[in-house]
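Novice: Here's a structure for you.
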Amino acid sequence: MRRRIDDKRGGLTERTRKDIDGWYEYLRVERPIGASDLPHWVLDQFTDANGEIGRFVVVWTRGSKTDYRNVKRIHDAYASIETHEEPVVLAADFFVIPEVYEAISNDGPRVMALSFVVMLITSIATFRALAAGVAAALMVPFSITALLGIMYTLGWKLDFFNVIALPLLVGMGEDSALHVIARYREEGRGRLGLAVRETGGAIFMTAWTTICGFGAILSANHRGLQSLAWVSVIGVALVFVTAVLVLPALIIVSERFRKRPPAQP
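Anchor point for the sequence shown: position 151 equals 154 in our numbering, and the numbering is continuous, going up by one each time.
Spelled out as structure tokens, the structure:
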């Protein structure tokens, strides 16, 4: 370090040189530095539970610790180190990123498929009708598919922050569709407009309050939280549109199909 400072001293300002001269002599090393020469706050980082020193290894890495590709590279290289006795497992707070990402990638599709099956069974059991149950359950994948399409268009990607919004959309989408269909079945055929007007206000207020809640997170100085907020706001808006526009359109098509006279032989 002394040599590097000496090489650059000519390009430093006078004030910087004076600051360096204040601690320059501390860079003079007369003998090798051992563990006993280190301050306690340094030794504490290398002391295990038994009070022994020298059994810890600290690895300094470069690159962003929020970039999955960089973190994945570090994780694969240093998550476990082979020694002459047994593998040594390294720990780092950012190691959770690739582990959570892999868990979402591997288990996410299965969980979403299982949730759709549960929604379908619940809807059919609620109305005791196959058509009504299927119509209510289909609104959730429709909303999520539209959301994923918007995210793809905008260049957004699912991560372990914004993926938290998906269970919220599953619950809200199912609940909104069930209310619309239940009110429609109470009013009867031909009174779909009344059913949507009666339930649309409640669905709107539910969506609006949720949007306001997640919209407040948009001001957070954290890209992950902002991603969660944007996906939630857009997703909830799509759930509302699906419940008051797409689902009624599907019901209208179903009504017209049922009114179609049978074909003459």
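Ideal placement from N, C-alpha and C gives every residue a C-beta, glycine not left out.
Computed from a predicted model, the values in this text were never measured in an experiment.
1. Could you give the DSSP three-state label for S222: helix, strand or coil?
2. Going by beta-carbon coordinates alone, are E85 and M122 separated by less than 8 Å?
3. Once DSSP output is grouped into helix, strand and coil, what is the label at T16?
4. In three-state terms, what does DSSP make of V199?
5. Closest to V120 by CA distance: which of E105, I56, V143, H225 is it?
6. Locate the alpha helix (DSSP H) running through G152, then write down its first and last residues.
7. Are the Cβ atoms of I107 and V173 separated by less than 8 Å?
8. Kindly list the residues whose CB is nearer than 8 Å to the CB of V239, restricted to its own chain and excluding five residues on each side of it in sequence; keep chain order.
9. F145: buried (16+ other C-beta within 10 angstroms of its C-beta) or exposed?
10. If I measure Cβ to Cβ from S257 and keep anything under 8 Å in the same chain, skipping five residues before and after, which residues do I get?
11. Between Q229 and S179, what straight-line distance do the alpha-carbon atoms span, to the nearest angstrom?
12. In this structure, what does DSSP give as the bridge partners for T50?
13. If I'm right that L181 touches T129 with Cβ under 8 Å, what's the distance once you round it to whole angstroms?
14. Are the CB atoms of G227 and F164 nearer to each other than 8 Å?
15. On the premise that L93 lies in contact with V62, defined as a C-beta separation below 8 Å, what is that separation, rounded to the nearest angstrom?
16. Name, in chain order, the residues that DSSP records as bridge partners for S83.
17. Report the CB separation of A82 from F98 in whole angstroms; it is logged as a contact under 8 Å.
18. Shortest alpha-carbon distance to R194 belongs to which of G152, V242, I254, A95?
19. Please report how far the alpha carbon of L46 lies from the alpha carbon of P90, in whole angstroms.
20. Let's see if you can read the secondary structure: which residues bound the alpha helix (DSSP H) around N109?
21. Starting from G176, trace the alpha helix (DSSP H) in both directions and tell me its first and last residue.
22. If you check the beta carbons only, do K68 and P101 fall under 8 Å apart?
23. Our contact map puts V247 next to G203 with C-beta atoms below 8 Å; I'd like the distance itself, whole angstroms only.
Specialist: With the given structure in hand:
1. When secondary structure is reduced to three states using DSSP, S222 falls in the helix class.
2. For the pair E85 and M122, the CB atoms are not nearer than the 8 Å cut-off.
3. In this structure, T16 counts as coil in the three-state DSSP scheme.
4. Collapsing the DSSP output to three states places V199 in a helix.
5. Looking at the Cα atoms, V143 is the closest of the given residues.
6. Boundaries of the alpha helix (DSSP H) around G152: 133-157.
7. For I107 and V173, no; Cβs fall outside 8 Å.
8. Same-chain partners within the cutoff: L171, L172, M175, A210, T213, I214, F217.
9. Under this definition F145 is a buried residue.
10. Closer than 8 Å at the Cβ level, and outside the excluded window around S257, lie A134, A138.
11. For Q229 and S179, the distance between alpha carbons rounds to 26 Å.
12. Under DSSP, the beta-bridge partners assigned to T50 are I56.
13. Confirmed, about 6 Å.
14. For G227 and F164, yes; Cβs fall inside 8 Å.
15. The Cβ separation is near 7 Å, so the contact holds.
16. The partner list for S83 (beta bridge, DSSP) reads V92.
17. Approximately 7 Å separates the beta-carbon atoms of A82 and F98; this is inside 8 Å, confirming the contact.
18. Closest option to R194, Cα to Cα, is I254.
19. Each residue's alpha carbon lies about 24 Å from the other.
20. 99-130 is the extent of the alpha helix (DSSP H) around N109.
21. Element bounds for G176: 168-190.
22. Not a contact, by the Cβ cut-off of 8 Å.
23. Sure, about 5 Å apart at Cβ, within 8 Å.
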